[in-house]
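Numbering (full-length UniProt numbering), first residue to last: 1 to 237.
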């Protein structure tokens with residue numbers, strides 16, 4: 001009986017190379033979608049904490065407190081099964097035949113984004129507070145409109161201070177994407193589990209998955225460093 005080597009098992013022609021690569025792409029798509037959903041929420045959450053009224057601040061405080069206390073896997077289950085129940089109820093109301101389910105990718109992206117939004121809120125809030133008030137006052141003295149002031153002064157300076165924190169949020173989101181396999185999405189971790197179970201080489205495939213996550217993190221960190229250098233041009237260190 002012929003025994004395949006590990007290199008043959010991960011080949012793109014007869015092995016698991018192509019499915020694993022598709023899993024890597026799915027992991028990146030989930031992480032990117034969740035990250036930007038979280039960033040969108042975080043912008044409004046930071047605004048509510050910084051400039052909102054009592055109700056807006058209370059809602060933002062409750063959101064960040066609750067979401068940072070609940071496990072991410074529980075949020076994914078709530079979105080997936082809650083969404084499936086809602087769609088099924090809507091299908092019955094509309095007399096739609098067949099089984100209806102909430103898309104796993106959408107549930108995973110929304111759940112990751114909702115969880116990441118709490119982290120983004122605090123990152124943006126801290127970054128805005130790090131902007132020197134004199135720079136904003138200088139923009140006011142120059143007669144800039146509110147939109148111009150935000151576009152040319154507040155947003156670039158806030159983003160410069162936020163980038164290190166955003167890098168940490170990205171790492172968290174990337175690792176949280178592995179939890180989405182619990183609702184049937186075949187991303188890198190789920191595909192690794194399938195390959196490990198089918199070949200009887202769990203250590204080899206899990207080490208390969210670890211190397212893939214490390215590679216994504218390393219490339220992401222390099223791109224973030226380039227962004228930090230670009231935004232910090234002309235700033236004395």
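For each residue, glycine too, the CB sits at the ideal point set by N, CA and C.
As the structure is a computational prediction, the values presented were derived from the model and not from experiment.
Discussion item. Just to confirm before moving on: does the CB-CB distance between residue 112 and residue 173 stay below 8 Å?
Written reply: yes
Worksheet item: Relative to the C-alpha of residue 115, which residue among 181, 26, 223, 67 is closest?
Response: 67
Worksheet item: What residues in its chain sit with their C-beta under 6 Å from that of residue 191, if we drop five residues either side in the sequence?
Response: 19, 20, 23
Fill in: Residue environment, residue 189, which counts as buried when at least 16 other CB atoms sit within 10 Å
buried
Worksheet item: Between the C-alpha atoms of residue 196 and residue 160, what's the straight-line distance to the nearest angstrom?
Response: 42 Å
Worksheet entry | Same chain, Cβ closer than 8 Å to residue 163, five either side skipped, listed in chain order | 224, 227, 228, 231
Worksheet item: Can you tell me whether DSSP reads residue 135 as helix, strand or coil?
Response: helix
Worksheet item: Tell me which same chain residues have a C-beta within less than 8 Å of the C-beta of residue 220, skipping the five on either side of it?
Response: 167, 170, 171, 174
Worksheet item: From this set, 102, 107, 158, 89, which residue's C-alpha is nearest residue 72's C-alpha?
Response: 107
Worksheet entry | Euclidean distance between Cα positions of residue 125 and residue 49 | 7 Å
Practice prompt. Would you kindly check if the distance between the Cβ of residue 79 and the Cβ of residue 110 is under 8 Å?
Written response: yes
Worksheet entry | residue 187, DSSP secondary structure in three states | coil
Practice prompt. Check whether the Cβ atoms of residue 158 and residue 128 lie closer than 8 Å to each other.
Written response: yes
Item to complete: Pull up the CB-CB distance for residue 101 and residue 87, whole angstroms please, since I reckon it's below 8 Å.
Response: 7 Å
Worksheet entry | Nearest to residue 41 (by Cα), restricted to the options 6, 120, 93, 15 | 120
Practice prompt. Could you tell me whether the Cβ atoms of residue 201 and residue 6 are closer together than 8 Å?
Written response: yes
Worksheet entry | Selection from 26, 10, 199 that minimises the alpha carbon distance to residue 181 | 26
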